[in-house]
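Novice: Just dropping this structure here.
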Amino acid sequence: AKIMFSRAAINQRKIREGGKVGDAMPPMKIQVDGGIDDKTAKQCIDAGANVLVAGTYLFGAPQMRPRIETLRGLAT
Numbered sequence: 018a019k020i021m022f023s024r025a026a027i028n029q030r031k032i033r034e035g036g037k038v039g040d041a042m043p044p045m046k047i048q049v050d051g052g053i054d055d056k057t058a059k060q061c062i063d064a065g066a067n068v069l070v071a072g073t074y075l076f077g078a079p080q081m082r083p084r085i086e087t088l089r090g091l092a093t
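Quick note: the sequence shown uses the numbering used here, first residue 18, plus one each step.
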């Protein structure tokens, strides 16, 4: 496991590797924690992630609800 700090940049290679794991072992839950925002969430979802931890993106917002709705929209 790799330890990342809040606001760490998301690693594109790790996104691709996560998708490969999901393809090999469905219906596994694949969680991405760190660097999730409205841009990286879609990349992670497209690569097979089905659990996203977006703490800084949500808690750093003046209003959390619009960001939650944005992430939900990306997941559908």
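Where a beta carbon is used, it is the ideal one built from N, C-alpha and C, also for glycine.
Within the continuous beta strand (DSSP E) that includes glutamine 80, where are the two ends?
Specialist: As a first step, residue 80 is located in the sequence shown; it is residue number 63 there, counting from the start. Segment: none, glutamine 80 is in no beta strand (DSSP E) and carries neither H nor E.
Novice: Just to check my reading of the structure: valine 68 and lysine 46 have Cβ atoms closer than 8 Å, yes? What is that Cβ distance to the nearest angstrom?
Specialist: Position 51 of the sequence shown, counted from the first residue, corresponds to residue 68. Position 29 of the sequence shown, counted from the first residue, corresponds to residue 46. That pair is a contact at about 5 Å.
Novice: Please return the same chain residues whose Cβ sits closer than 8 Å to the Cβ of aspartate 55, not counting the five positions on each side in sequence.
Specialist: If you number the sequence shown from 1, residue 55 lands on position 38. Cβ neighbours of aspartate 55 beyond the five flanking positions: Tyr74, Arg84, Thr87, Leu88 and Leu91.
Novice: Starting from the Cα of proline 44, find the closest Cα among Gln60, Gly65 and Thr57 and give me that residue.
Specialist: Taking the sequence shown and counting its residues from 1, one reaches residue 44 at position 27. Looking at Gln60, Gly65 and Thr57, the one whose alpha-carbon comes closest to that of proline 44 is Gly65.
Novice: With H, G and I counted as helix, E and B as strand and the rest as coil, what does DSSP make of aspartate 63?
Specialist: For this step, residue 63 is matched to residue 46 along the sequence shown. Three-state result, aspartate 63: helix.
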